[in-house]
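Peer 1:
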Amino acid sequence: MGERVRLKEATPRREGVWVRLVAWLERQASAFFLLPTVLVILAFVLFPLVGSLYSSLSRLRFSDGGLELSFVGLANYRKVLLGSEQIHFLGQPGAIGWVMGVMGLLALGIGVVMYRRYRAGRPVWTWLGQPLLGGLLLLGFAWLFLSRLWPGTHMGTLQTTLFYVLVGTALQYLLGLGLALLCAERLPGTRFFRVLFILPLAITPIGVAYMFRMLTDTGKGPLVPLWEALGWGGFFWVNDPWGARLAVLIGDVWQWTPFAFIVLLAALQSVPQEQVEAAAVDGASRWQIFRHIIFPYLLPASATLVLIRLIEGFKIVDLPNILTNGGPGTATESITLHAYFAWRTLDIGTAAALGFLLMLLVSLVTSLYAAWVLPRARGQV
Amino acid sequence: MRRRRSPLAPSPLQVGLSYLALGLASVFVLFPLYWLLITSFKLPIDVNSGPFYLPWVDFKPSLHAWEYVLGTLGPDVRRAYANTAVVALSSALLALFLGTSAAYALTRFQYRPRVGAVVLFVACLGFVVALVALGVPWPAAVGLGLAVFILGLQTLGRRFRRHLSNDDIALWLISNRILPPVVVVIPIYLLFQQLGLLDTRTALIISYTVINVPIAVWLMRDYFQNIPPDIEECAQIDGASRYRIFWTIVLPLAAPGLVATFLLLLVFSWNEYLLALFLSKANSQTMPLMVAAMSGTRGTEWWYMSVIIILMILPVVLLALVLERYIERGLIVGAVKG
């Protein structure tokens, strides 16, 4: 970069302002390429983020001049985590003893691992250091779920969101993997299926939500005869908490399985066919070939794909809002929808607090995932 | 396609099972779309008196819903359509432009911002927000913050010698995608309210650009990393300016990546719902909002809804079908390499 500038300075300066301007622009090129983006992000992400942090610590009031924000400290967070919004966000926990049982089982598992390490003569405690946080997190998640599955308890928007993200991502991955394996088999006509299977990805989530609302209609939906034949007539979907969650989940899976599908299909093309054929000649079963030859090649792409779906999945709002409007009760409400409802009642502080809690949750999950799962998955090949 | 006898050649039974599974998946994908399509040709009575599956067999298709939506609702639909098209196209282009130049910069230049300066900047930002919250008019607060920042940069900023690298900047830009929009939407709402931009296309264009820039940076950065810098270096020795190299050499070379990224951004902005829900009312209403509002105001008249949904998804679906290869490549560049 310096080369040209020096040449310019060596020539006599008769061209004047224009040339000097050009030279200055050239010297500052690195700034001009990057700065617009950085400034846009600063202005519309970082600045609002700080503003949002402040509004999550304050309460909106109507005053003479209009609206007024007054500082209330952590009151909004207290309300969401401990106060009147607690059941809405965290749900209502049930039988503690049962949960203790699960915890006990997990402790037993850790004990068994430690005993085996002791027998093998490896350090007993050191392995705990890194996974401790992750383990505690998993325990926490397990507790948040399991303690709210008992009759008479109910899930809050936190568990509902986690349910959509975790179960949805797993289903999308498995279905996408299955379809990708089928389409990679070079059967005639797979080209048609490939185009067909990525179609849902382009369809507006609002459209998906309405389509599934039509399909899950209990009176006039196309599946009603099927349910009646199975003896489930009258019941279903949107009136039952789990039915409604399932409806949202199916819509989500319908829309996002294609993403897993195309990424995995591309990754499958990097699998060396010679190895697969050699293994087949040696008499390996199809499962063995998949498990030991194909799957390791899919791991890096899979890890990234799951990361992307984790990040995007937490933002889910369109589907539950349209398909079930968050109901019955709050059964299908995601955190984003919860925040939107709070905003609609002008409870800006709670909405911002919920947004921040969601952000903490996403950052926690993705950074742990990026720290532990990604490097291991990439190290496989 | 290669056809040879390999030990992996599936038996007829396996082929049959594969096709069965593919067929079932196709039904799962297509049935909701099929139902949407036939509902748009149904009379209200056909919808309300129970499920009918086959046009001409179960029910007599009618164009009444299409006539109503394109005729009576025509102006509303056209306005929402124009809003969606303008907002999606402009924000996709803007995000592509910003993201591409940033991605190019991050692969071809060395940046070494000081940690001290970054920390100082964030501190000043917090200071400004606090001032505004305390009731200081915002131009004064921003000016004061800027002054403190420059002053601090000249004195304190030089003390800390630790640098950040390009990768840190890239990671920071991309990680903005992790941010759930609902966290920032309220201050953005207040900001646009101050600027008098609520319920305008401009507000939507700006906010969609912001949420889409990280994707553009990410995808295009991967793309540029795979383009060898040799040609650019030759051009530089020949005396071409950085900007000219970017426009006349780099962008044409990156055309496939640009197309793929643009399409993705377009689909994302076309389909966006949450920000539009907060930031627009009647004037800048986009198609997703209009669809959602339809059922709110009139109960759910599925025949009209279906028509509008079909109109809404048609352009993106056609794009996806025609340019499927590009979209595939665009998604894969980022995801497979990781």
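Here the protein sequences come in this chain order: A and B. Okay, so the first sequence: first residue is 140 according to the working numbering, each after it adds one. Okay, so the second sequence: first residue is 12 according to the working numbering, each after it adds one. The C-beta atom is built at its ideal place from N, Cα and C for all residues, glycine as well.
Which class does Val144(A) belong to by DSSP, given the choice of helix, strand or coil?
Peer 2: In this prediction, Val144(A) has a pLDDT of 49, which is less than 50 and means its spatial position is unreliable; what the coordinates show is noted afterwards. Here Val144(A) sits in helix by DSSP.
Peer 1: Does chain B have any CB closer than 9 angstroms to the CB of Tyr479(A)?
Peer 2: yes
Peer 1: Does the contact criterion of 3 or more C-beta pairs under 8 angstroms hold for the segment 353-369 of chain A versus the segment 415-429 of chain A?
Peer 2: no
Peer 1: Using only alpha-carbon positions, find the residue among Leu485(A), Ile249(A) and Val501(A) that is nearest to Leu208(A).
Peer 2: Here the closest residue by C-alpha is Leu485(A).
Peer 1: Thinking Asp210(B) and Ser291(B) are a contact (beta carbons under 8 angstroms), I'd like their distance in whole angstroms, please.
Peer 2: 5 angstroms
Peer 1: Please list, in chain order, the chain B residues whose beta carbon lies closer than 7 angstroms to that of Phe453(A).
Peer 2: Pro191
Peer 1: For the alpha helix (DSSP H) containing Gly452(A), name the first residue and the last one.
Peer 2: Gly452(A): member of the alpha helix (DSSP H) spanning Phe434 to Gly452, first to last residue.
Peer 1: Could you check if Ser409(A) is buried or exposed, using at least 16 other CB atoms within 10 Å of its CB as the buried criterion?
Peer 2: exposed
Peer 1: Are the CB atoms of Pro124(B) and Ile216(B) within a distance shorter than 9 angstroms?
Peer 2: no
Peer 1: Just to check my reading of the structure: Gly346(A) and Ile324(B) have Cβ atoms closer than 8 angstroms, yes? What is that Cβ distance to the nearest angstrom?
Peer 2: With 8 angstroms as the limit, Gly346(A) and Ile324(B) qualify as a contact, their Cβ atoms being about 5 angstroms apart.
Peer 1: Compare the C-alpha of Gly230(A) against each of Thr463(A), Phe302(A) and Met294(A) and name the closest.
Peer 2: Met294(A)
Peer 1: Kindly give me the distance between the Cβ atoms of Pro459(A) and Trp393(A), rounded to whole angstroms, as I take these residues to be in contact under 8 angstroms.
Peer 2: Rounded, the Cβ-Cβ distance is 14 angstroms, inconsistent with contact.
Peer 1: Please compile the residues from chain A whose C-beta is within a distance smaller than 8 angstroms of the C-beta of Ile324(B).
Peer 2: Ala341, Ile342, Thr343 and Gly346
Peer 1: By a C-beta neighbour count over all protein chains shown, 10 Å radius and 16 as the cutoff for buried, is Gly243(A) buried or exposed?
Peer 2: exposed
Peer 1: Is the CB of Phe39(B) under 9 angstroms away from at least one CB in chain A?
Peer 2: yes
Peer 1: Please name the residue, chosen from Leu48(B), Lys71(B), Leu184(B) and Val133(B), that lies closest to Leu54(B) on a Cα-to-Cα basis.
Peer 2: Lys71(B)
Peer 1: Comparing the C-beta of Leu332(B) with each C-beta of chain A, is any distance below 9 angstroms?
Peer 2: Yes, its Cβ sits closer than 9 angstroms to a Cβ of chain A.
Peer 1: Per DSSP, what kind of secondary structure is Leu208(B) in: helix, strand or coil?
Peer 2: coil
Peer 1: Is it the case that the segment 183-203 of chain B contacts the segment 496-507 of chain A, given that we only count it when at least three CB pairs across the two stretches are under 8 angstroms?
Peer 2: yes
Peer 1: Leaving aside the five residues before and after Gly349(B) along the sequence, list all residues of the same chain whose C-beta is less than 6 angstroms from its C-beta, in chain order.
Peer 2: Any reading at Gly349(B) must be qualified, since the residue scores a pLDDT of 42, below 50, and its modelled position is unreliable; no value is offered.
Peer 1: Within this structure, are the beta carbons of Gly110(B) and Pro225(B) separated by less than 9 angstroms?
Peer 2: Here Gly110(B) is near Pro225(B), since their CB atoms are less than 9 angstroms apart.
Peer 1: Where does Ser176(B) sit, in a helix, a strand or coil, going by DSSP?
Peer 2: coil
Peer 1: Mind checking which residues open and close the alpha helix (DSSP H) that includes His431(A)?
Peer 2: Segment: none, His431(A) is in no alpha helix (DSSP H) and carries neither H nor E.
Peer 1: Is there a C-beta anywhere in chain B that falls below 9 angstroms from the one on Val306(A)?
Peer 2: no
Peer 1: So, does the CB of Asp303(B) fall closer than 9 angstroms to a CB anywhere in chain A?
Peer 2: Correcting the residue identity first, residue 303(B) is Ala in this sequence and not Asp. Closer than 9 angstroms: yes.
Peer 1: Answer yes or no: does any C-beta atom of chain B fall closer than 9 angstroms to that of Asp391(A)?
Peer 2: no
Peer 1: Under the rule that 16 or more other beta-carbon atoms within 10 Å means buried, what is His227(A), buried or exposed?
Peer 2: Around the CB of His227(A), 16 or more other CB atoms lie within 10 Å, so the residue is classed as buried.
Peer 1: Using a Cβ cut-off of 9 angstroms (strictly closer), state whether Asp457(A) contacts chain B.
Peer 2: yes
Peer 1: Could you tell me which whole alpha helix (DSSP H) segments of length 4 or greater appear in the segment 238-283 of chain B?
Peer 2: Those alpha helix (DSSP H) runs which fall completely within the segment 238-283 of chain B and span 4+ residues are 241-248, 253-256 and 266-282.
Peer 1: Just the Cα atoms here: how many angstroms apart are Val270(B) and Tyr337(B)?
Peer 2: 7 angstroms
Peer 1: Can you tell me the Cβ-Cβ gap for Ala470(A) and Ala348(A), rounded? I've got them flagged as a contact below 8 angstroms.
Peer 2: Contact between Ala470(A) and Ala348(A) is ruled out by a C-beta separation of about 16 angstroms, above the 8 angstroms threshold.
Peer 1: Run through chain A and tell me which residues come within less than 9 angstroms of Ala214(B), C-beta to C-beta.
Peer 2: Within chain A, no C-beta atom comes nearer than 9 angstroms to that of Ala214(B); the closest sits roughly 11 angstroms away.
Peer 1: Along the chain, where does the alpha helix (DSSP H) containing Arg90(B) start, and where does it finish?
Peer 2: Gly85 to Arg119
Peer 1: Is it true that the CB of Ile474(A) sits closer than 9 angstroms to the CB of Leu493(A)?
Peer 2: The answer is yes: Cβ separation under 9 angstroms.
Peer 1: Tell me the DSSP secondary structure of Pro208(A) in three-state form.
Peer 2: Reading off the sequence shown, one finds Leu at residue 208(A), where the question assumed Pro. Looking at Leu208(A) - three-state DSSP - the assignment turns out to be strand.
Peer 1: Ignoring anything shorter than 4 residues, give me the alpha helix (DSSP H) runs that lie fully in the segment 161-210 of chain A, in order along the chain.
Peer 2: 168-180 and 186-195
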